[in-house]
Structures are given as structure tokens and as C-alpha cells.
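One structure is given below, encoded as C-alpha cells.
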Ligand SMILES: C[S@@+](CC[C@H](N)C(=O)[O-])C[C@H]1O[C@@H](n2cnc3c(N)ncnc32)[C@H](O)[C@@H]1O
């Protein structure tokens, strides 16, 4: 209780753990709420949760409630999974893929991820997982970072084509990116151009400072 009150004045660190993937993982109380951070950025809850919530809002909560199968690539503390289940009231299946087992331990211990119904967490590299899965999805959320870095494969044609193949017609991709430099902005512009006219691509710049979101709808 004391820590919670103190956190309204200064952030209170509850746990610090080394991670091979993210260098460091930290659980912190900030304004009475728990957040998960990597060494240099917010990973889950806090601003990250607000960013993805906006993306889901652009797609439409009502539409999302009608979906039956959602894939989340990059789980961390599981804040978007909680938004889907608790704020939006989505009742279908969720599969979350996360490369770092330590992050899932924290998600279960501090953020109650294991309590979300119909949610399966797979510890795997998202790149490997999308090659193996036999499912098709209504919504694919791509939120993959190693600290502030986004792996190159996310922007390569091979991965894009595979994700597009796994997406059902009328389904959506929600892709969270970080644009810290002009090079990142150019990378995003080039990404947009990789989609044919069978896809409706929208870009939402400056969602909380450095994040740029894409929503991509498969039209046919
Ligand atoms: C910003 S966090 C995800 C936040 C999460 N979507 C949420 O709603 O709270 C990024 C996550 O991507 C994970 N990650 C990095 N590379 C990955 C990969 N190749 N495959 C799967 N997960 C990866 C990191 O371990 C980290 O947990």
C-alpha cells in the first residue's frame, strides 16, 4: 500500500531481471499502476497499452467482437491481450507468441496473463511460428521489439507474404512500429508500398511520440 502511494510521487521499481532478448526487464509501479519496461523503452501497459488500444479502436471494437481467431506476435506483459479480453469483451480464441520465456513468467506473476480465458501462449520466435501454423486469423497484431530495435524480418517480403497468407479475407493486421530516425520513416514508407491493391493500408503517425501504427485490411 505504501509503495502504491509512493508511486504517485516517484516510480517504484519492484523487480529488475536480466534478459538475453531485451537486455533488462523491469516491473515498476507508476501512478499506482504496474508497467513492464525493457532497458530503454516501455514494453507493456502504460503508453504501449494506450498505443495498441488506439489501433484496435481504429479497427473498431464492435468488429473485433465478431472475430473468432486472433494472433498476437510479441506478448511481453500481455497488455493488448487484456485490452481485447477485458475492455473490448472479445470472447474468441487468442494465440500469443513470445520469444522470451522470462517475460511470460513476469506476465503471469505480475499481470495475471494466465487468467485470460481462451488464450494460448506459445514460446517461439514469431518468424518460426508463422511458418508452422496451420490456422487462419481475423486479426494479426505485430508488436515485436528487442528493446527499441525492430528485427529486419518484419519488413521483408517473405514475412509480409506469409502474414498476408495467414490472414482471412476482411481480416486486419495491426502493426506497431517505432520511428526514431529518418531511416525508420523511409523504411515505413517502403513497407506501405509492398501491399497490392487487394489490401487497404492506413498509417497513423505520431501515436504517442515515436510510434507509428499500421492497420491493413485484406479486401479479397
Ligand atoms: C513491446 S513488447 C510487446 C507488448 C505486448 N504486445 C503487449 O501488448 O503488452 C515486444 C515483445 O516482443 C518480443 N519479441 C522480440 N523478438 C521476438 C520474436 N522474434 N518473436 C517473438 N517475440 C519477440 C520481446 O521479447 C517483447 O516481449
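In this note's numbering, the protein residues as written are 5 to 224.
Even glycine gets a Cβ: it sits at the ideal position worked out from N, Cα and C.
Please read these numbers as outputs of a predicted model, since none were measured by experiment.
Query, Result
"Collapsed DSSP secondary structure at residue 32 in the structure displayed", "strand"
"Buried versus exposed call for residue 10 [16 or more other C-beta atoms within 10 Å across all chains shown]", "exposed"
"Complete alpha helix (DSSP H) runs within the region 44-80 (minimum length 4 residues, chain order)", "50-63 and 65-69"
"For residue 81 and residue 108, the rounded distance between their alpha carbons", "7 Å"
"Burial state of residue 53, where buried means 16 or more other Cβ atoms lie within 10 Å", "buried"
"beta-carbon residue 167 near ligand 2 non-hydrogen atom, thresh 6 Å", "Looking for ligand 2 in the displayed structure turns up nothing; the ligands present are ligand 1."
"Residue burial classification, residue 154 (beta-carbon count within 10 angstroms, cutoff 16)", "buried"
"Identity of the residues DSSP links to residue 141 by a beta bridge", "171"
"Identified DSSP bridge partners for residue 188", "None, per the DSSP bridge assignment."
"Where residue 94 falls: helix, strand or coil (DSSP)", "coil"
"Distance, residue 104 Cα to residue 24 Cα", "8 Å"
"Residue 213, DSSP secondary structure in three states", "coil"
"Identified DSSP bridge partners for residue 102", "127"
"Opposing strand residues paired with residue 182 [DSSP bridges]", "215"
"Top-ranked residue by Cα proximity to residue 170, from 145, 125, 187 and 63", "145"
"Inter-residue CB distance, residue 65 and residue 92 (contact presumed, cutoff 8 Å)", "5 Å"
"Beta-carbon proximity of residue 196 to residue 205, cut-off 7 Å", "yes"
"Collapsed DSSP secondary structure at residue 23 in the structure displayed", "strand"
"Residue 216 beta carbon near ligand 1 (any heavy atom closer than 6 Å)", "no"
"Inter-stretch contact at 8 Å, needing at least 3 Cβ pairs: the region 67-76 / the region 84-99", "yes"
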